[in-house]
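A.B. asks:
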Amino acid sequence: MSPAMHGYGTPQFVTLGMFIIDEFSFLDDDGNPTGKELSPQIGGGGTYAALGARIWLPPDKIGMIVDRGNDWPSDIQKELDKYGHEMWMYRDQLSTRTTRALNSYMGDHRSFDYLTTRIRITPRDLRGTRLARAPTVHFVCSPSRAQSIVSEIHEEPKWNPITIWEPIPDRCVPEELPALIKVLPQISVLSPNAEEALMVLSMPLPPTKTSIEKAAQMFLDFGLGNKGRGSVIIRSGELGAYVTTRSGGGKWIDAFWADQEKVVDVTGAGNSFLGGLGAGLYLAQGDVYQATLYATISAAFVIEQEGLPEMSEIADSDGSTRTLWNGDSPERRLRLLQDR
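Numbered by full-length UniProt numbering, the letters in the sequence shown go through residues 1 to 340 in order.
1) Go ahead and pull the three-state DSSP assignment for residue 190.
2) Which two residues bound the contiguous beta strand (DSSP E) that contains residue 241?
3) Sort 14, 70, 52, 35 by Cα distance to residue 63 and report the nearest one.
4) DSSP three-state call for residue 6: helix, strand or coil?
5) Let me know if residue 242 comes out buried or exposed under the rule of 16 or more other beta-carbons within 10 Å of its beta-carbon.
6) Compute the distance between the beta-carbons of residue 47 and residue 70, then report whether it is under 9 Å.
7) For residue 275 and residue 138, which I take to be in contact (beta-carbon distance under 8 Å), what is that distance rounded to the nearest angstrom?
8) Enumerated in chain order, which unbroken segments of the beta strand (DSSP E) with a length of 3 residues or greater are wholly contained in the UniProt domain "Carbohydrate kinase PfkB" (178-309)?
9) Quick one: is residue 1 buried, meaning 16 or more other Cβ sit within 10 Å of its Cβ, or exposed?
10) With DSSP collapsed to three states, give me the class of residue 146.
11) Please name the residue in 165, 178, 271 whose C-alpha comes closest to that of residue 231.
12) Can you grab the Cα-Cα spacing for the pair residue 155 / residue 288, in whole Å?
13) Can you tell which of 149, 140, 313 has its C-alpha closest to the C-alpha of residue 124?
14) Could you tell me which residues DSSP puts in a beta bridge with residue 113?
15) Would you report the Cα separation of residue 42 and residue 22, rounded to the nearest angstrom?
16) I need the straight-line Cα distance from residue 234 to residue 135, nearest angstrom please.
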């Protein structure tokens, strides 16, 4: 079905990440409940990536498939609708529950386990929908699944999207390096976090700026992107983000929040960073260094609270409306970051 048949614009950014309902468990170091409770929340790498893009783009420029199970909560539907119904493409899965996962916190250790079966989303699922042939595609997965995804993309004639690959943490191990190297020529943007980058390359932790720069150069040297024109962005928490390409060299982008007291919950920060990056590549006409500024601001809004950032609209004196996130303007923050 064509975009025009839906009455929507054509999405510029599509994520293949999933929608998940997150549940939580908090235990002390001895395994006893701490008394802290948190109600189930909207989660999933796809959801956070889509919201990272939504901070910059209208909802009809974004696309994500959401699988609704037979237990689909009405309050979650209302919350998603607030961000713009055009960005979500629903599939009703009436024979199964909505994908859920348990986030368990035991002291400083966090674990993540699925409570239901996963319904993975692939490029073939986009065919015949308004999300088909999107110019930018984001995915969160292992090297072998990344290979499968880019193979499906190549099944579509003349579809050559920007591919943004976010490797999953538990596959960033040395044993996966050969599979990672194999898929790199088909990846436009590779973006692990600093620990993941060093672990897959068998480099010592904790990360330093020097080791992060060395890791990024190694990824470039493996042959990233078509004709080596890909970009590496290593997300490095309070150190910021390190961006490098063969043609433009390396550059550090500061984290927006220097004050760690502003950092409440980093859940979804990496996903939203890459959604912001996808939006930034569109708005900055492919400039990956400028796009990383947009990415940094998206992550900054997500880490200020538990759960998703709050969106609101205000009317300006000229009659136009402005969208605010957590009561602040993304454009204002972008200018501040650009001026540093």
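Don't be surprised by glycine CBs; every beta carbon is placed ideally from N, CA and C.
Because the structure is a prediction, the values reported are computed rather than measured.
C.D. replies: Looking at the atomic coordinates:
1) Mapped onto the sequence shown, residue 190 falls at position 190. The answer is strand: DSSP assigns residue 190 an E or B state.
2) In the sequence shown, counting from the first residue as 1, residue 241 sits at position 241. Here the beta strand (DSSP E) through residue 241 covers 241-245.
3) Here residue 63 is taken as the residue at index 63 of the sequence shown, counted from 1. It is 14 whose Cα lies nearest to the Cα of residue 63.
4) Reading the sequence shown from its first residue, position 6 is the one you call residue 6. Any reading at residue 6 needs caution, since the residue's pLDDT is 44, under 50, leaving its predicted position unreliable; the model's value is listed next. Helix at residue 6.
5) Counting from 1 along the sequence shown, the entry for residue 242 is found at position 242. So residue 242 counts as buried.
6) Position 47 of the sequence shown, counted from the start, is the residue given in the question as residue 47. Position 70 of the sequence shown, counted from the start, is the residue given in the question as residue 70. Against a cut-off of 9 Å, the Cβ pair of residue 70 and residue 47 comes out as no contact.
7) On the sequence shown, position 275 is the one that residue 275 refers to. On the sequence shown, position 138 is the one that residue 138 refers to. With 8 Å as the limit, residue 275 and residue 138 qualify as a contact, their Cβ atoms being about 7 Å apart.
8) 231-235, 241-245, 249-253
9) The count along the sequence shown starts at 1 and reaches residue 1 at position 1. No answer about residue 1 holds up, because its pLDDT of 35 lies below 50 and its placement is not dependable.
10) Reading the sequence shown from its first residue, position 146 is the one you call residue 146. Of the three classes helix, strand and coil, the one that applies to residue 146 here is helix, per DSSP.
11) Reading the sequence shown from its first residue, position 231 is the one you call residue 231. Residue 231 has its Cα closest to that of 165, out of 165, 178, 271.
12) For the purposes of this step, residue 155 is taken as residue 155 along the sequence shown, with counting starting at 1. For the purposes of this step, residue 288 is taken as residue 288 along the sequence shown, with counting starting at 1. For residue 155 and residue 288, the distance between alpha carbons rounds to 27 Å.
13) To locate residue 124, count along the sequence shown from 1; it is residue 124. Ranking the options by Cα distance to residue 124, first place goes to 149.
14) Taking the sequence shown and counting its residues from 1, one reaches residue 113 at position 113. DSSP output for residue 113 lists 102 as bridge partner(s).
15) By 1-based counting over the sequence shown, the position of residue 42 is 42. By 1-based counting over the sequence shown, the position of residue 22 is 22. Distance between the alpha carbons of residue 42 and residue 22 is about 6 Å.
16) Here residue 234 is taken as the residue at index 234 of the sequence shown, counted from 1. Here residue 135 is taken as the residue at index 135 of the sequence shown, counted from 1. Near 23 Å, if we compare the C-alpha coordinates of residue 135 and residue 234.
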